[in-house]
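Chains as they are written, first to last, in this note's numbering: chain A, 70 to 376; chain B, 68 to 634. All remarks here apply to the structure that follows.
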């Protein structure tokens, strides 16, 4: 059964390209390990760093297991509050991935709807949408996110802020990523729109909504999927940057960026592991997603594949 | 000693899943002063052989064995010799003159570069030679035009420049891969005449690769028929066209639409070599049951009155509804009527506005001015809005390109079922299934094909699916926009037979658009000849062919390549 499914996957061009690309296999394995670890953080992590009962200040600043003074109960050492580094990283990556996925889905939703409608309807509507994306693209992602965060701080009361922080972050990253999707979707829609199957649907009399989302959209999913993958890595990095700058998620539920920020304070006093491991973890995560995205772009684009 | 000699040539493409044999055991020779035609269906390996001669086979393809000799020099897989011979001894004419010249260089530079690469000539001599070449291929004011860029030439002129390039280094052999397929009839004629003249004058050997039997009949001395990479028959042109022996050659010759008479149905040759006349008459019973019996009343179904269409690229900044006298009118003051049950042909060269008229009737494009009436109901006039919804489903269209006219993400079943569901919202599952079966039966496809995706089918099969989809809305008017121009001749014959059957059984009215006069003659009762958006002549089909009145019609009919010319 499994063998059969595997053979069928191997038989498709994309499957073949996947199983013959070491980079694709390694990066996807790494990504899925991280993904599963963070999804089942409660089972994988030896401690729950957010449970005050399991944390003891006595254990603070324990170095990694192989250093002098390392403890066998804390594999990668502990931070300044005595939390197990390995566990906080697993829990932290969960926040990072949630924010990354949610913001990219939000950006995709907005960008694809605007892109398809702009490409298909055309005229003034298209001009307005595309000029908005042009303006949006001139504002750097970080600046946009800081702006949204600033507004959110002014609008939402202080007590609510920590709870809302993650949603603000998702919105901030999503709103700065959608123009990519809108541009690619519009360009692909313009190509598909002139194909004869779209004319055939129009002659039958199908409504524009059905033509756009049932006929055109499935045919332009490939490029959208590619930028979504690369965008996911970007979103995770943006989230970490914002958290590093202190405008991201609150310290009570630290993400990878927050962890790096904490550790940064101790970098020069000898406790290097507090910032080093989350940073490496972030690099590995972002790199694996990026490599996966690169492979996907090559595999899904037959024109690049030939040479 | 022959100019070109090919012995036991084997070429194969190794892919992951299989090795595709593009040519196996190909043997032929070509003498000086001879024009050899290579014909065959698409994918039969015609172009592969041409590319093999100049060693331009794309990887993963490779020559696995065999000998290619020019003047007794072996060429295969010998890049050094090939470099010297390519361009010097062999000239190549490509299919599409739009892309085979570099748009960034003047004609002068492209010619001189080629000449100086192969011949030891000074710049002045090369320039002089270039001008002479352009004159030889029939470009007027050559010394002036040589300073122009490719985009300043028309398609036919560009193909002449390409031919000039091909003969610039006095080659012995010219290979022309579909040299006139992208060109209009009148220009095709000139180019073929030019090739014939040059062959005689310069004592060249010429290989013409084409799918057009008319071109073969009018130009070649010898013909090779290929199928699946194998030469199935080679003979001199006259014998092959009059007494074809192999099934493939017979099938090719018999499916060519005759230019001098109208036939009832095309004869087809089944793979075992027997003649068959397919008929879908009994398959339409179920459809007629659900549609109700229709009768041809000969009443007026469609009326176009003074329709004009201007494509205006300033539509956003410039919204005035004024008609600019200088604007190019894609369709210019066209009026005609279409009566129930007839087949009206629209003929014209590229850019004559045929497709635009089809798009206006189907509501894909809005006319600039004029009136459009369907079944005595106004769809468009100067006062009212476009009310194309009133004719939805009644008018359906079959498109030119079978590769883009079906949604690649839909199964065939869903492609056919979608219009059914759209027009009959309350249809039961069982009725829907039955209707889909009926439609696929008429189209001449198996029911198993319903669960497959369009990419699994050939061009002809896709066109059949298109027909099934068009019939799903129970149309009265079927618009066929070049439905067979992307297909091989034998497939074209099948599709045309199918369209005729369907029309007879279901009493459809058809508007048949084509640039191919023989096809139009076989299909239509009445013909409209279009040029640059203006109607030149409207007449009964047979009268028009026997007794054309307009100068342009006469020209078209005289210049079309005729397979009968040799018989």
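For every residue, glycine included, the Cβ atom is placed at its ideal position computed from N, Cα and C. Note that this is a predicted model, so its numbers are computed, not measured.
Under 8 Å between C-beta atoms, does residue i make it to chain A?
i: residue 431 (chain B); result: yes
i: residue 79 (chain B); result: no
i: residue 384 (chain B); result: Model confidence at residue 384 (chain B) stands at a pLDDT of 47, short of 50, so the residue's coordinates are unreliable and nothing is read from them.
i: residue 313 (chain B); result: no
i: residue 473 (chain B); result: yes
i: residue 540 (chain B); result: yes
i: residue 615 (chain B); result: no
i: residue 418 (chain B); result: no
i: residue 212 (chain B); result: no
i: residue 86 (chain B); result: no
i: residue 463 (chain B); result: yes
i: residue 468 (chain B); result: yes
i: residue 294 (chain B); result: no
i: residue 446 (chain B); result: no
i: residue 460 (chain B); result: yes
Taking 8 Å as the threshold (C-beta atoms), are residue j and residue i in contact?
i: residue 322 (chain B); j: residue 515 (chain B); result: no
i: residue 244 (chain B); j: residue 213 (chain B); result: no
i: residue 240 (chain B); j: residue 271 (chain B); result: yes
i: residue 297 (chain B); j: residue 311 (chain B); result: no
i: residue 200 (chain B); j: residue 178 (chain B); result: yes
i: residue 273 (chain A); j: residue 477 (chain B); result: no
i: residue 173 (chain B); j: residue 210 (chain B); result: no
i: residue 409 (chain B); j: residue 367 (chain B); result: no
i: residue 261 (chain A); j: residue 278 (chain A); result: no
i: residue 360 (chain A); j: residue 170 (chain A); result: no
i: residue 506 (chain B); j: residue 538 (chain B); result: yes
i: residue 110 (chain B); j: residue 290 (chain B); result: no
i: residue 48 (chain B); j: residue 412 (chain B); result: What is shown of chain B runs 68 to 634, which leaves residue 48 (chain B) out entirely.
i: residue 175 (chain A); j: residue 243 (chain A); result: yes
i: residue 246 (chain B); j: residue 158 (chain B); result: no
i: residue 545 (chain B); j: residue 491 (chain B); result: no
Does the beta-carbon of residue i have 16 or more other beta-carbons within 10 angstroms, so that it is buried, or is it exposed?
i: residue 141 (chain B); result: exposed
i: residue 362 (chain A); result: buried
i: residue 473 (chain B); result: buried
i: residue 165 (chain B); result: exposed
i: residue 365 (chain A); result: buried
i: residue 204 (chain A); result: exposed
i: residue 229 (chain A); result: exposed
i: residue 383 (chain B); result: Reliability of the predicted coordinates at residue 383 (chain B) is poor, the pLDDT of 47 falling under 50, and no value is obtained from them.
i: residue 420 (chain B); result: buried
i: residue 115 (chain A); result: exposed
i: residue 62 (chain B); result: Nothing can be reported for residue 62 (chain B): it is not among the residues displayed for chain B, which extend from 68 to 634.
Looking at the C-beta of residue i, does it have a partner C-beta in chain E at a distance below 8 Å?
i: residue 480 (chain B); result: Given the protein chain composition of this structure (A and B), no chain E is represented.
Any beta-carbon of chain B closer than 8 Å to the one on residue i?
i: residue 268 (chain A); result: yes
i: residue 34 (chain A); result: Nothing in the structure corresponds to residue 34 (chain A), since chain A is present only between 70 and 376.
i: residue 288 (chain A); result: yes
i: residue 265 (chain A); result: yes
i: residue 275 (chain A); result: yes
i: residue 200 (chain A); result: no
i: residue 230 (chain A); result: no
i: residue 272 (chain A); result: yes
Tell me, please, which residues DSSP counts as bridged to residue i.
i: residue 95 (chain B); result: B:73
i: residue 606 (chain B); result: B:594
i: residue 307 (chain A); result: Answer is none; residue 307 (chain A) lacks a bridge partner.
i: residue 512 (chain B); result: Paired residue(s): none; residue 512 (chain B) is not in a bridge.
i: residue 447 (chain B); result: B:439
i: residue 303 (chain B); result: B:289
i: residue 576 (chain B); result: B:544
i: residue 244 (chain B); result: B:276
i: residue 464 (chain B); result: B:546
i: residue 376 (chain B); result: B:398
Check whether the region 592-612 of chain B touches the region 256-266 of chain B, counting contact only when three or more Cβ pairs, one atom from each stretch, lie closer than 8 Å.
no
Would the region 137-150 of chain A count as touching the region 201-221 of chain A if we require 3 or more Cβ pairs under 8 Å?
no
With three or more C-beta pairs closer than 8 Å as the rule, is the region 80-90 of chain A touching the region 328-337 of chain A?
Not touching, per the Cβ criterion.
Does the contact criterion of 3 or more C-beta pairs under 8 Å hold for the region 154-169 of chain A versus the region 339-348 of chain A?
Inter-segment contact for the region 154-169 of chain A and the region 339-348 of chain A is present: three or more beta-carbon pairs are separated by less than 8 Å.
Cβ contact (3+ pairs, closer than 8 Å) linking the region 68-79 of chain B and the region 134-142 of chain A
Segments in contact, no.
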